[in-house]
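Engineer: Following this message is one structure expressed as structure tokens.
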Amino acid sequence: MSGNAATHSAPLAPAVATPRRRNYARRYWMFVVPAGVVVISVILFPWLFTLFMSTHEWKIGGGHHFVGLDNYRKLFTDERFLWSMVRTLYFTALAVIGPMVLGVAAALVFNRNFPLRGLARTIFILPMMATPVAVALVWTMMFHPQLGVLNWLLSQFGIPPSMWVYDAKTVIPTLVMVEIWHWTPLVMLITLGGLASLPQDPYEAAKIDGASPLQSFWHITLPLLAPFLVVALIIRTIDALKAFDTIYVITQGGPGTSSETINIFLYLQGFAYYNMGYASAVVVVFFTMIVGLASLLLWTRKRVKA
Amino acid sequence: MSEITRRTALRGAAGLLAVPALVERANAQSAFDWKRFKGERVEVSLVANPRSTLLFQYHKEFEELTGIRVGAEQIPEQQHRQKFAIEFASGRPSFDVINISLHVNKLQVGRAKWCTDLRPLIADASMTAPDLDMADFGPAAVTYATQADGRLDTLPLDVDHFILYVNKDLVAAKNVAVPQTFDELYTAAKALTDPSKQQYGFVGRGLRNANMTLWSSFLLGTQQRDMIDANRKLITDTPDAVWATQQYARLMRECAPPGANSFNWNECQTTFMQGRAAFWIDGVGYAAPLEDPKRSRVAGKLGYAVVPAGPAHRHSAFFCTGLGISEASQRRGPAWFYIQWVLNKQNQLRMLATGAGAPTRLSAYANEEGLKGSTFPREYFTTLAESIRIARPGLPEIGPVTEFRDTIGSALVNVLGGADATAELKKATDAFRPVLEASEKGA
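Same order as they appear, the protein sequences are chains R and G. With the numbering used here applied, the first sequence covers 31 to 336. With the numbering used here applied, the second sequence covers 22 to 464.
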């Protein structure tokens with residue numbers, strides 16, 4: 031084990047540009063070309079072009095002219111954009127915490143042996159397989175205040191009807207509810223994979239030492255699961271930040287602008303108002319935000335692994 | 022005199038053989054022939070609505086008449102607007118004929134010169150059927166379709182007039198008369214609202230952007246009527262605009278179902294079809310699904326009336342769509358033939374008789390014989406005729422219409438939520454004013 035670790039942690043020899051290496055690079059550089067072309071054409075060029083557009087007043091069907099950093103300046107004084115940012119963070123926080131907590135709980139349940147466990151697992155992961163737009167359409171019908179099944183169900187228990195996505199106060203928690211229903215199975219699957227790989231020895235030792243199940247979970251399961259949970263956290267965070275289809279289909283950012291996240295704002299600027307320059311500036315800011323957050327999570331993951 | 026050689030004789034004979042073809046071609050250039058583009062194909066992009074569905078039913082008729090094959094698509098309105106703008110901007114749109122909402126995209130299409138000017142085609146006798154009869158089109162619709170520089174880059178297909186739908190059963194149960202003013206509408210709707218029975222006096226669009234089409238009905242009743250003044254300045258925060266907002270808000274808040282602030286036409290239609298609302302103000306094109314007994318509980322119990330009057334005027338807001346040919350199209354001939362067929366008298370009559378919409382040809386309304394077979398009540402046609410008489414555009418003719426609808430529409434949603442109408446309109450108008458000014462400068 032230690033030998034293995036030593037092998038992995040051995041530092042790589044520094045890439046000294048010896049004549050032999052130079053010759054090697056000269057002879058085989060053409061093999062890198064196809065990958066290089068793909069990277070330049072589908073990643074680098076679109077990015078540079080987006081940056082270029084973000085410095086222009088650019089309208090579909092109209093002309094374009096250079097405006098420097100005006101689009102960025104406008105962005106940070108645009109109340110509608112700033113609110114969309116706040117809503118995005120609020121939505122993301124809820125749409126990450128909810129599936130994480132429920133997904134881990136579900137994984138702990140499904141990790142135990144009980145009759146029809148396989149069938150129950152399959153049923154549990156079904157929402158994840160559904161197309162987001164189809165899911166959103168079904169939920170839209172269920173949320174209808176007068177004709178939807180949800181208010182009918184509430185009435186059966188004597189609970190007053192809710193306005194669900196039709197009220198500014200309840201719209202984001204309701205959208206998060208759809209996200210939780212849709213994506214908890216993903217967290218459950220990742221966690222379940224992690225649980226299956228955990229060694230049994232620490233649990234046996236803890237049992238001998240008289241640890242309660244809660245203590246075992248808190249002091250053994252959770253620390254050992256941490257790398258898996260961080261992976262689930264990264265995936266969920268990026269997914270929640272990017273959420274568009276569900277929100278667009280169910281509310282289109284409404285009522286008013288109360289569920290208008292950055293993605294909806296960006297879409298409207300680009301494809302409803304045709305302000306491609308301004309929309310590009312939003313893309314740059316949003317991308318920077320996602321990269322920053324993902325880097326933070328990756329850094330956390332490294333710390334957890336260490 | 023030169024000698025006639027065998028080669029000369031053969032050339033002469035070949036020339037004589039070619040004469041019929043040349044004559045036919047010359048005739049084709051001077052006389053209209055529906056079969057002129059036989060064997061060609063035309064690509065058409067339409068908005069998904071009952072009018073397009075009707076055209077799809079009869080495409081075979083066009084193919085038999087012209088020998089031109091039709092490749093057509095129907096796309097929901099909002100997505101269609103985005104798709105065609107992107108395709109036009111790419112320089113190589115996939116369609117030859119495009120269906121455009123003039124109340125939203127007219128200036129955009131006109132400024133970018135995305136569509137061909139149809140006037141030379143109309144003037145060309147070899148390209149235009151003698152029975153196109155431009156004089157038969159409503160002058161208001163043709164003026165609405167004409168760009169500021171005189172180019173006619175679309176021909177008007179249909180006009181969506183806002184009317185008042187009435188649930189006769191609910192109204193009769195409480196012996197309420199059909200309202201003639203907005204005040205009467207509020208009083209009647211209030212009397213018919215009973216949330217314990219899930220019965221509401223009114224339903225209408227509340228969703229941001231979509232709500233502007235309903236709000237305009239109230240504004241059209243004021244002295245001001247319009248959303249921009251003669252100098253093309255925004256006037257959506259005036260006392261008249263505030264009055265329209267307050268009227269709209271009290272009706273929606275007190276008489277419409279909870280959640281109506283997020284209702285678009287489809288939620289309104291569902292509510293009305295279920296018999297849960299007494300009045301609904303919306304486009305005339307919804308009559309067909311409402312009168313369909315398989316889908317609607319109010320079929321056969323429907324009343325039609327003109328939109329009520331405001332304190333100064335009585336108008337029916339109208340919204341118009343048109344058909345144009347892509348400037349980049351390589352098949353302008355077949356595309357023009359398709360447009361002529363769509364707009365022929367028979368198709369326009371079909372649109373009216375089936376309740377799919379209000380055609381732009383005047384002859385359709387005058388065709389008593391043709392309308393006799395319609396399943397729609399007489400009241401529907403008289404309401405429509407009266408609405409046409411008092412029609413006025415429901416949205417201003419500006420470039421950034423969608424942004425305008427979103428900005429003012431958001432303010433309306435806030436007012437429905439209880440915010441102050443004056444403050445919200447002022448804030449929204451101030452926010453949109455620079456956008457409009459920038460757009461006008463770029464015009």
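Note that the Cβ used here is the ideal one computed from N, Cα and C, for glycine as well.
1. Are three or more beta carbon pairs between the region 135-142 of chain R and the region 211-228 of chain R nearer than 8 Å?
2. For the region 106-126 of chain G, which residues have a beta carbon sitting closer than 8 Å to at least one beta carbon of chain R?
3. Would you call the CB atoms of G/L240 and G/A265 closer than 8 Å?
4. I'd like to know if G/G378 contacts chain R, where contact means its C-beta is closer than 8 Å to some C-beta of that chain.
5. Hey, does R/G188 have any beta-carbon neighbour from chain G nearer than 8 Å?
6. Give the DSSP-derived three-state secondary structure of G/D145 in the structure shown.
7. Shortest alpha-carbon distance to G/W362 belongs to which of G/E84, G/K218, G/A193, G/N70?
8. Give me the Cβ distance between G/V328 and G/I107, rounded to the nearest whole Å; I'm assuming they're in contact under 8 Å.
9. According to DSSP, what are the bridge partners of G/P380?
10. Quick check: G/D138 and G/L176, are their CB atoms within less than 8 Å of each other?
11. Just how far apart, CA to CA, sit G/D190 and G/K322?
12. Let me make sure I understand the geometry here. Which of G/I89, G/G92, G/S122 has the alpha-carbon closest to that of G/F105?
13. Taking the alpha carbon of R/A235 as the point to measure from, which residue in R/S227, R/Q245, R/A226 has its own alpha carbon closest?
14. Whose CA, out of R/A164, R/T291, R/L184, lies closest to the CA of R/H212?
15. For R/P76, decide whether its Cβ has a neighbour in chain G, counting only Cβ atoms nearer than 8 Å.
16. By a C-beta neighbour count over all protein chains shown, 10 Å radius and 16 as the cutoff for buried, is G/M273 buried or exposed?
17. Starting from G/R246, trace the alpha helix (DSSP H) both ways and give me its first and last residue.
18. Can you pull out the residues from the region 93-111 of chain R whose beta carbon lies closer than 7 Å to at least one beta carbon of chain G?
19. At a Cβ cut of 8 Å, what residues of the region 131-147 of chain G count as close to chain R, listed as they run along the chain?
20. Hey, does R/F316 have any beta-carbon neighbour from chain G nearer than 8 Å?
21. Compile a chain-ordered list of the residues in the region 161-178 of chain R whose CB is closer than 9 Å to at least one CB of chain G.
22. Name the chain G residues whose beta carbon is nearer than 8 Å to that of R/V206?
23. Determine the direct distance from the alpha carbon of R/K272 to that of G/P260, and round the result to whole angstroms.
24. Give the list of continuous beta strand (DSSP E) stretches no shorter than 3 residues that lie fully inside the region 286-355 of chain G.
25. Would you mind sorting G/F453 into buried or exposed? The rule is 16 or more other CB atoms within 10 Å of its CB.
26. Measure the beta-carbon distance from R/V260 to R/L327 and round it to whole angstroms, keeping in mind my assumption that it falls under 8 Å.
27. By the 10 Å Cβ neighbour count, where 16 or more other Cβ atoms means buried, how is R/N53 classified, buried or exposed?
28. Would you list the one or two residues that DSSP bridges to G/S66?
29. Compare the C-alpha of G/N388 against each of G/K366, G/L213, G/E400, G/P314 and name the closest.
30. Over the uninterrupted alpha helix (DSSP H) stretch that includes R/Y278, give me the two end residues.
31. Using the Cα positions of R/L74 and R/P64, report the straight-line distance between them to the nearest angstrom.
32. Run down chain G in chain order and give the residues with a C-beta less than 7 Å from the C-beta of R/F301.
33. With a 10 Å radius around its C-beta and 16 neighbouring C-beta atoms as the bar for buried, classify R/Y58 as buried or exposed.
34. Quick one: list the residues of chain R neighbouring G/S431, beta-carbon separation under 7 Å, in chain order.
35. By the DSSP assignment, the alpha helix (DSSP H) with G/Y221 in it spans what residues?
36. List the residues that DSSP assigns as beta-bridge partners of R/K89.
Structural biologist: This is what the structure holds:
1. yes
2. A106, I107, F109, A110
3. yes
4. no
5. no
6. coil
7. G/E84
8. With 8 Å as the limit, G/V328 and G/I107 do not qualify as a contact, their Cβ atoms being about 35 Å apart.
9. G/D179
10. no
11. 7 Å
12. G/S122
13. R/Q245
14. R/A164
15. no
16. buried
17. Looking at the DSSP string, G/R246 is not in any alpha helix (DSSP H), and its letter there is neither H nor E.
18. none
19. R132, A133, W135
20. no
21. F173, H174, P175, Q176, L177
22. Simply none; closest approach about 17 Å.
23. 42 Å
24. 298-304, 323-327, 337-346
25. buried
26. 7 Å
27. exposed
28. G/E94, G/I119
29. G/K366
30. 275-280
31. 14 Å
32. Q103
33. exposed
34. G286, T287
35. Taken as a continuous stretch (DSSP letters only), G/Y221 belongs to no alpha helix (DSSP H), being part of the beta strand (DSSP E) at 221-224.
36. R/N305
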